[in-house]
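Some notes on the structure that comes next.
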Amino acid sequence: MTATVGQAQNPVIRDLFTADPTARVFNGKVYLYPSHDIMPPEGQRQDWFCMEDYHVFSSVNLTDWTDHGVIVSQEKVPWGKPDGYSMWAPDCVEKDGKYYFYFPNGPKSGRGFAIGVAVANSPEGPFTLEPEPIKGVMGIDPCVLLDDDGQQYIYWAGGPMRGARLKGNMKELDGPVTMMEGLPDGFKEGPFAFKRNGLYYLTFPWVRQEKGTETLAYATSNSPLGPWDFKGIIMAEHANRCWTNHHSLVEYKGQWYLFYHTNFFSPKDDKRRSVCIEKLFFNADGTIQEVKQTMRGVGINQATERIEIDRYSSANDVQTAYIDTTNTLRGACVTLLQKGSWVKYDGVDFSCITDGYLVINVMASENTQLCVRENSAKGKVIAKIPVTVKSEQGAFRRDMSGQWLTLTAPLDFTPKGITDLVVTCEGETVSVDWVRFKNRPKYFTEVGKSASSVQPDNQGFIRRWRLMEPIAVDVRSNIIFTNSWLREKFSEELARLPKQKGKWYTLDSENYNVKLFRFAEKYGKQTYGSFFWCETIIECPEDIENVRLACGSNGASMWWLNGEEVLLLEGDRRMVEDDGMSQRLTLKKGRNVLRAAVINGPGLSDMCVRFLDEKGLPVTSFTLVNK
Ligand code: FUB
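Take the sequence shown: its letter number 100 is residue 1577 in my numbering, and every next letter is one higher.
Quick look at the structure:
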């Protein structure tokens, strides 16, 4: 099972509670091995940790996370309690092409925790569980350090923090257990050890004050098992008193990151947690700069993604609140309290926007206006969004379902590359859920002279056409499209066709119905009161007999195959698939020219066409070639 579950904002995993994140870089990707908090089933302590399995996630950009599914679960552990719900903080390391997953778990007999190992040939598994836990280790929160000299060490908590050498098989201790000396007083757990520039770091959650909650702290040493020189705090206590924090540090593409957890999606229960990420920086002397929690997190968002603006990087005069306090996974929104309030959201990549417009989800109780600007609250306006919730008489709009409105606005300009977005309030109070940018549909792709031939689509619809820019016709109502009027008009235009100067375009239509209205719009021609010439060249490998041309058009149309009239759709038509059918026809071996004329007064012109066989099945055994 794999599923894409993440976004750039914190928390990064949004469909499961995930805690105790160990991030590792394997094969150029970041792999995340968290523990997995669940709501305790009946019979389990409701106010305690409850974990029955582990998932692994991966990402190449720290923005999109793929959940590779469950890798180890409690009922499969040969030595573990099948209903212990104690699969606490894990780790995973790679040695000689094998991946070793270390996890704490309640043993079948006795109390407390043992630490097990599972081995795989790939970071995503499948993992094979060792029959017994590591001998001589009772505790939680394993972490393994691979030293440059090929020696490996394991650290764990649950009582005093301890460490030991591991044998080359990665499954047995290789020597005595060492107490980690030099660490500050106060509760400690969750060791995460690593080496940087020849210096060993031991980082750990630490309760520094009486009745306090966990910080993230660190110590350094010249030796992997200490003694340690305590250095200070990496991250202060959670502001909301969520009791635990647990973390890992990883360098990816030249930047260090801190993975940690909060209980953002479970504000009333600090045993259901969610993984977050921040950038982390070292000073020149090897000390670590304190990391502040942000909602924005790390990674770049594509402008086409849903940008949850409440995860802002900085703001002025705003309030953040859950959208639905009974379903916190629905996320939060930000309220811009008055004119001049703003939120800034860093790192949005516009290279994906070619012909874009803005979509925004807002709620207001008075008419107001927002702007989306570039880089600062006074920056260039990307889009202005008037929010109209009340009519002039003061009545609320009738389409306000639940009061959230999804509005669209054209762009004044499209930023280049990666930029910071600032949403500014230009009027009354307004709440914003998300913002995104969309490209207008292309409808057509121009086909170059050397482009290869194509087949009809699998429903038989012909999508490659030569279209002549529309001829303006003075038709104000389609009721004049009688048989005799159309015949006269079509034969007049047919006679004039060789002398027409209109430009022809060879196009592939994105849709099965060829949107002639959009074609006219794209090339800046009249979209209403239009007459369209359409032509396609059909190449058949052999005669295809007893087929019928099946067409639909908006409005009226006439169709010729190899110069012979084969169908007329008269009246004020809507485009309906197979609306009209020709007599039986033969598509001859080699080239056939299918031509159509479509006329429309008011309305959105389009047409669709295919050939059907005797059984009514689409004919697809020909190709459509360039002239
Ligand atoms: O997730 C269960 C326990 O909470 C971890 O093992 C500790 O480090 C703390 O985060």
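Each residue gets a CB set at the ideal place from its N, CA and C atoms; glycine is no exception. These numbers come from a predicted model, not from an experiment.
Per the C-alpha coordinates, the member of R1773, S1828, V2024 positioned closest to P1488 is R1773. Secondary structure of S1968 (DSSP, three-state): helix.
Only residues of its own chain outside the window of five on either side were considered, and among them V2024, R2025, L2026, L2038, V2043 have a CB closer than 7 angstroms to the CB of L2062, listed in chain order. Apart from sequence neighbours up to five positions away, the residues of its chain that approach G1937 with a beta-carbon distance below 6 angstroms are R2087, P2095, V2096, T2097, ordered along the chain. Inside the region 1536–1612, DSSP marks whole beta strand (DSSP E) runs of 3 or more residues at positions 1543–1550, 1568–1572, 1575–1582, 1591–1597, from first to last along the chain. Straight through space, the alpha carbons of W1633 and D1544 are spaced by roughly 27 angstroms.
The count of Cβ pairs closer than 8 angstroms, one atom from the region 1846–1860 and one from the region 1903–1916, reaches three, so the stretches are in contact. Between R1750 and F1494 a beta carbon distance of about 6 angstroms is seen, short of the 8 angstroms cut, so the two are scored as contacting. Checking the DSSP bridge columns, you'll see I1948 partnered with F2008. According to the DSSP secondary-structure assignment, C1848 is paired through a beta bridge with K1861, T1901.
Using a cutoff of 7 angstroms, the CB of G1616 does not count as near the ligand FUB, since none of the ligand's heavy atoms is closer than that. The criterion of a C-beta distance shorter than 8 angstroms is not satisfied by F1681 and P1701. Relative to the Cα of D1889, the nearest Cα in the group P1498, G1635, G1833 belongs to G1833. In this structure, the CA atom of Q1628 is about 46 angstroms from the CA atom of R1783. For E1714, the distance from the CB to the nearest heavy atom of the ligand FUB is not below 7 angstroms.
By the neighbour-count criterion, in which 16 or more other beta carbons inside 10 Å mark a residue as buried, G1574 falls on the exposed side.
Contact check for G2006 against M2084 fails: the beta carbons are separated by 8 angstroms or more.
If you check the CB distance, M2058 and L1963 do not come in under 8 angstroms. In this structure, H1724 has its CB at a distance of at least 7 angstroms from all heavy atoms of the ligand FUB.
Taken from the Cβ of T1721, at least one heavy atom of the ligand FUB lies inside 7 angstroms. Shown here, I1800 sits in coil according to DSSP, grouped into three states, outside any helix or strand.
Here the alpha carbons of A1780 and T2004 stand approximately 30 angstroms from one another. Taking 7 angstroms as the cut-off, one finds no heavy atom of the ligand FUB near enough to the beta carbon of G1589. Under the three-state reduction of DSSP, K1506 is assigned to strand. The ligand FUB has no heavy atom closer than 7 angstroms to the beta-carbon of W1633.
Distance from the Cα of T1764 is smallest, within the candidate group V1820, I1490, D1706, for D1706. Residue environment: C1527 is assigned as buried (16 or more neighbouring CB atoms within 10 Å of its CB, all protein chains considered). A Cβ-Cβ separation of about 13 angstroms leaves Y1510 out of contact with P1581 under the 8 angstroms criterion. Under the DSSP assignment, L1814 falls outside any alpha helix (DSSP H); it carries neither an H nor an E label.
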